[in-house]
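No gaps in the numbering here: position 245 of the sequence shown is 259 in the numbering used here, and each next residue is one more. See below for the structure under consideration.
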Amino acid sequence: MLETAVAAALFVGVLAYSLFGGADFGSGFYDLTAGGSRRGAELRTLVDHSIGPVWEANHVWLVYVLVTWWTAFPESFASAMSTLILPLLLALLGIVLRGASFAFRKYAASLAQARLFGAVFATSSVVTPFFFGTVAGAIASGRVPAEGRGDLWTSWLNPTSAFGGVIAVGTCAFLAGCFLTADAARGGQERLAGQLRRRTIGVGLVTGGIVLAALVPLELDAPTLADGLETQAAPLVVASAVAGVATLVLLWRRWFGLARLTAVAAVAAVVSGWGVGQYPWLLVDEVTIADAAGAEATLQALLVAVGIAAVVVLPALAYLYRLTQTEAWSRSEH
15 MLETAVAAAL FVGVLAYSLF GGADFGSGFY DLTAGGSRRG AELRTLVDHS
65 IGPVWEANHV WLVYVLVTWW TAFPESFASA MSTLILPLLL ALLGIVLRGA
115 SFAFRKYAAS LAQARLFGAV FATSSVVTPF FFGTVAGAIA SGRVPAEGRG
165 DLWTSWLNPT SAFGGVIAVG TCAFLAGCFL TADAARGGQE RLAGQLRRRT
215 IGVGLVTGGI VLAALVPLEL DAPTLADGLE TQAAPLVVAS AVAGVATLVL
265 LWRRWFGLAR LTAVAAVAAV VSGWGVGQYP WLLVDEVTIA DAAGAEATLQ
315 ALLVAVGIAA VVVLPALAYL YRLTQTEAWS RSEH
């Protein structure tokens, strides 16, 4: 039970990064497709306003996941990092370029520089979740060995990883669209809110179709995960579909505040379905959570550290998100 508790704490970090970091990354999709400098200025200003206070805080979850993984399950961590070094390096490069460009474009000396930094920011925002999705697909399809190094290319260049990357980009864009639409409406930008509403509905429909389409190749390419999705994770699959449809209805009816909540529920159900579907495997078809766990004393100390971090860090993060997702942030600017 101890190793399962640690694995659950690890997965909470994955889920949090998928939601908070996902909404952050997804905003770059709308920045990328906003149009020219003049046409897209209003939307890009909204993106800067929405993610500016939180974009660095979101990566706390990535650090948490990595540290917990290598501390609690060291051999599986080493194998995954060795096997998936290429997509992980590309994802981390995307994070660095994205953050630097997001900061630099605000202080660009010319319009040409601002455009360059903006293009790097937007492109990196789409590329990064794609490569994280390929990593998830590699693990879910059993291409990461328990020890040593798997194939550097086929481990993440395969059908499951490809669908994982596309779904990651789509869910991030859908989540970000719901938050940006609510922000625009709350700020009195009705025309912009209407544009984002239509685009988010389109993204949601396309992403939902891709998720359903992915179930077919999973049967052949990742049978263990597919079996888990059809049995123990089936309620989460249904919940994600229901929450996704509810979000589209709420967006259509312009109930943007509620749409944010159901969008979070839909994405959380998708990510949780992946985790529950592959349980009890840590690396699918290679090593279970129990077999991959480190020393008992290490796991106990790690759980204590996680508990302390939750008490110290979570209230501050909750207050930060409350400020940025309510009228309190707008009032503080004035």
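Glycine is no exception: its CB is placed at the ideal position from the N, C-alpha and C atoms. Quick caveat: nothing in here was measured; it's all calculated off a predicted structure.
Neighbourhood of residue i by C-beta, 7 Å cutoff - its chain only, sequence neighbours within 5 removed
i, result
"A253", "A283"
"A280", "S254, A257, G258 and T261"
"G217", "Reading off the sequence shown, one finds Val at residue 217, where the question assumed Gly. If we look at V217 and ignore the five residues flanking it on each side, its Cβ neighbours are G184, A187, F188 and G191."
"F87", "L296, A306, A307 and G308"
"G164", "T97, R157 and V158"
Residues sharing a beta bridge with residue i, DSSP
i, result
"L297", "V301"
Nearest to residue i (by Cα), restricted to the options the options
i, options, result
"L234", "G156, F131 and L331", "G156"
"A182", "L166, F145 and R200", "F145"
"E89", "T245, L106, A280 and G308", "G308"
"T18", "A332, I322 and E310", "E310"
"L12", "H63, V281 and I303", "Any property of residue 12 remains undetermined from this structure, which presents the chain solely from 15 to 348."
"T130", "L111, P143, A324 and T221", "Correcting the residue identity first, residue 130 is Leu in this sequence and not Thr. Cα-wise, what sits closest to L130 is L111."
"G178", "T148, A207 and G202", "T148"
"F135", "A126, W269 and F116", "F116"
"A190", "W75, P143, A128 and R205", "P143"
"S32", "A240, W75 and R212", "W75"
"A255", "A240, V285 and T238", "V285"
"A323", "A21, M15, L16 and G27", "G27"
"S138", "V325, G321 and F39", "F39"
"E56", "V326, L24, D197 and Y78", "D197"
"A23", "L317, R52 and R274", "L317"
"R119", "A160, S51 and T82", "S51"
"A315", "T85, G35, V61 and A37", "T85"
"R268", "G202, G208 and T174", "G208"
"L16", "I224, R53, L313 and T174", "L313"
"I224", "F34, V326, G164 and T174", "T174"
"L7", "S124, A123, L80 and G242", "The structure shown does not extend to residue 7, since the chain spans only 15 to 348, so no value can be given for it."
Buried versus exposed, by CB contacts within 10 Å (16 or more), residue i
i, result
"G271", "exposed"
"L29", "buried"
"P101", "buried"
"H348", "Summary for H348: the model assigns pLDDT 44, below 50, so the residue's position carries little reliability; its value from the coordinates is reported in the next sentence. Counting Cβ neighbours within 10 Å, H348 comes out exposed, since fewer than 16 surround it."
"P294", "exposed"
"L6", "Limits of the chain in this structure are 15 at one end and 348 at the other, which puts residue 6 out of reach."
"S346", "With a pLDDT of only 49 at S346, under 50, the local geometry of the prediction cannot be trusted, and no value is derived from it."
"E204", "exposed"
"V301", "buried"
"Y351", "Look at the range of the chain in this structure, 15 to 348, and you will see that residue 351 is not part of it."
"G321", "exposed"
"T214", "buried"
"G162", "exposed"
"Q127", "exposed"
"T168", "exposed"
"W170", "buried"
"G202", "exposed"
"V327", "exposed"
Three-state secondary structure (DSSP) of residue i
i, result
"E17", "helix"
"N172", "coil"
"W167", "coil"
"W269", "coil"
"F87", "coil"
"T245", "coil"
"Q203", "coil"
"A309", "coil"
"S155", "coil"
"R274", "helix"
"R52", "coil"
"S286", "helix"
"L98", "coil"
"G162", "coil"
"A123", "coil"
"A117", "helix"
"A236", "coil"
"T82", "helix"
"T47", "coil"
Own chain partners of residue i with C-beta closer than 6 Å, once the 5 adjacent residues on each side are dropped
i, result
"A94", "V158"
"V141", "G108"
Other residues of its chain near residue i: CB distance less than 8 Å, five sequence neighbours each side excluded
i, result
"R58", "D45, A48 and G132"
"D172", "Sequence inspection shows Asn at residue 172; the Asp mentioned does not correspond to that position. G151, A152, S155, R157 and D235."
"L166", "T97, I99 and L100"
"L264", "F270, L272, A273 and T276"
Chain B contact for residue i (CB, 7 Å cutoff)
i, result
"L239", "Given the protein chain composition of this structure (a single chain), no chain B is represented."
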